[in-house]
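In what follows, a structure is listed as structure tokens, so that the remarks can point back to it.
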Amino acid sequence: MSKPVIGFIGLGLMGGNMVENLQKRGYQVNVMDLSQDAVDAVLARGNATQFTSAKALAAASDVVEFCLTTSAVVEKIVHGEDGVLAGIKAGSTLIDFGTSIPASTIKIGAALAEKGCGMIDAPLGRTPAHAKDGLLNIMAAGDMDTFNKVKPLLEEQGENVFHLGALGAGHTTKLINNFIGMTTVTAMSQAFAVAKAAGVDGQQLFDIMSAGPSNSPFMQFTKFYAVDGEEKLGFSVANANKDLGYFLQMVSDLGSESPIAEGTSKALQAGVDAGFGQNDVPKIFDYFTGLKK
0 MSKPVIGFIG
10 LGLMGGNMVE
20 NLQKRGYQVN
30 VMDLSQDAVD
40 AVLARGNATQ
50 FTSAKALAAA
60 SDVVEFCLTT
70 SAVVEKIVHG
80 EDGVLAGIKA
90 GSTLIDFGTS
100 IPASTIKIGA
110 ALAEKGCGMI
120 DAPLGRTPAH
130 AKDGLLNIMA
140 AGDMDTFNKV
150 KPLLEEQGEN
160 VFHLGALGAG
170 HTTKLINNFI
180 GMTTVTAMSQ
190 AFAVAKAAGV
200 DGQQLFDIMS
210 AGPSNSPFMQ
220 FTKFYAVDGE
230 EKLGFSVANA
240 NKDLGYFLQM
250 VSDLGSESPI
260 AEGTSKALQA
270 GVDAGFGQND
280 VPKIFDYFTG
290 LKK
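Have a look at this one:
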């Protein structure tokens with residue numbers, strides 16, 4: 000059985016490595032990105048075509064995959080005059096690997112369904128290094144027929160592929176996951192900052208806390224910077240701030256509120272405003288200790 004032609008939009012560090020993995024596995028790819036250097040790297044590996052129109056890319060592809068930065072960008076590329084919706088063929092599938100607002104995802108899915116197309120939201124876990132080897136964790140959601148149709152493709156991109164339910168459940172799960180993770184790292188970073196201000200040794204604090212139920216990979220990541228001065232989490236303050244904003248939007252859409260997320264979001268925004276936006280989240284420790292970027 001021949002492999003589907005993949006249209007891929009968004010060749011950042013994660014997306015670029017995902018495309019390299021697809022090329023190694025024999026897929027023909029159609030690509031589009033604002034960075035010509037990123038596109039050229041794909042073209043140099045062969046069996047690839049560059050597009051400058053999302054409409055044309057969608058028309059030439061069996062499956063369209065996104066690895067984009069924000070819901071606003073996704074909506075523009077889907078709904079724009081020269082967007083995916085204007086060109087996608089009946090029977091095709093759109094897979095959104097980014098982190099988006101679930102309500103937006105559901106609306107896009109409905110618009111695609113009117114054209115006889117399916118959609119899967121499939122946010123990612125793990126790192127760009129895992130993407131290059133097809134070893135991502137993929138939190139997929141959408142109707143079962145659509146999921147089963149693209150499952151073989153997803154399994155070439157992820158080591159662990161989860162089906163979480165109806166369209167939007169993947170983005171919902173990712174936002175909940177990031178709310179927990181980023182709130183934990185932000186709180187722990189402030190804990191180490193308070194310890195420093197009070198004259199308590201950071202290593203001793205870590206030894207005590209890691210001997211109890213507070214121990215976790217997040218504590219390890221926080222300790223790497225707060226105690227050892229190393230950045231190892233690989234997730235920026237700006238990205239965390241964006242995801243907390245999306246989480247709050249999702250909670251509001253559900254008719255509720257989250258004072259905890261509001262507090263984390265306020266701290267992360269302060270970190271961005273202080274110049275730490277492109278740094279690893281644990282580096283917000285410096286903001287809490289009063290250090291300037």
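Heads up, the final residue of the sequence shown is numbered 292 in numbering that gives the first Met the number 0, and it's a clean run with no missing numbers.
Where is the CB? At the ideal position from N, CA and C, for every residue including glycine.
My understanding is that residue i touches residue j, with C-beta atoms under 8 angstroms, so please give their C-beta distance in whole angstroms.
{"i": "A225", "j": "F284", "result": "5 angstroms"}
{"i": "L163", "j": "M138", "result": "6 angstroms"}
{"i": "F7", "j": "V28", "result": "6 angstroms"}
{"i": "V63", "j": "S91", "result": "7 angstroms"}
{"i": "A273", "j": "K292", "result": "6 angstroms"}
{"i": "I293", "j": "M218", "result": "In the structure as shown, the chain begins at 0 and stops at 292. Residue 293 is therefore absent and cannot be evaluated."}
{"i": "E155", "j": "R44", "result": "That pair is no contact at about 16 angstroms."}
{"i": "T102", "j": "D242", "result": "A small correction: the amino acid at residue 102 is Ala; Thr does not occupy that position in the sequence shown. 15 angstroms between Cβ atoms; not a contact."}
{"i": "T263", "j": "H170", "result": "Their Cβ separation, rounded to whole angstroms, is 19 angstroms, which puts T263 and H170 out of contact at 8 angstroms."}
{"i": "Q189", "j": "F275", "result": "That belief does not hold up - the Cβ atoms of Q189 and F275 are roughly 14 angstroms apart, past 8 angstroms."}
Please state whether the Cβ-Cβ distance between residue i and residue j is less than 8 angstroms.
{"i": "I119", "j": "T145", "result": "yes"}
{"i": "G117", "j": "G86", "result": "no"}
{"i": "K173", "j": "N16", "result": "no"}
{"i": "K148", "j": "E230", "result": "no"}
{"i": "G244", "j": "T126", "result": "no"}
{"i": "L56", "j": "M31", "result": "yes"}
{"i": "V4", "j": "L10", "result": "no"}
{"i": "L135", "j": "G124", "result": "yes"}
Go ahead and pull the three-state DSSP assignment for residue i.
{"i": "G180", "result": "helix"}
{"i": "N136", "result": "strand"}
{"i": "V226", "result": "coil"}
{"i": "L67", "result": "coil"}
{"i": "S99", "result": "coil"}
{"i": "V280", "result": "helix"}
{"i": "F287", "result": "helix"}
{"i": "S188", "result": "helix"}
{"i": "E158", "result": "strand"}
{"i": "G141", "result": "coil"}
{"i": "K292", "result": "coil"}
{"i": "A165", "result": "coil"}
{"i": "V193", "result": "helix"}
{"i": "E256", "result": "coil"}
Going by DSSP, name the residue or residues bridged to residue i.
{"i": "M118", "result": "L93"}
{"i": "H78", "result": "For H78, which the question treats as bridged, DSSP gives no partner whatsoever."}
{"i": "V149", "result": "V149 pairs with nothing; no bridge assigned."}
{"i": "S235", "result": "D279"}
{"i": "V62", "result": "I5, T92"}
{"i": "L123", "result": "I137"}
At a Cβ threshold of 8 angstroms, is residue i touching chain C?
{"i": "E155", "result": "In the structure shown, chain C cannot be found, because there is only a single protein chain."}
Enumerated in chain order, which unbroken segments of the alpha helix (DSSP H) with a length of 4 residues or greater are wholly contained in the stretch 2-53? Listed in chain order, the complete alpha helix (DSSP H) runs (minimum 4 residues) inside the stretch 2-53 are 12-23, 35-43.
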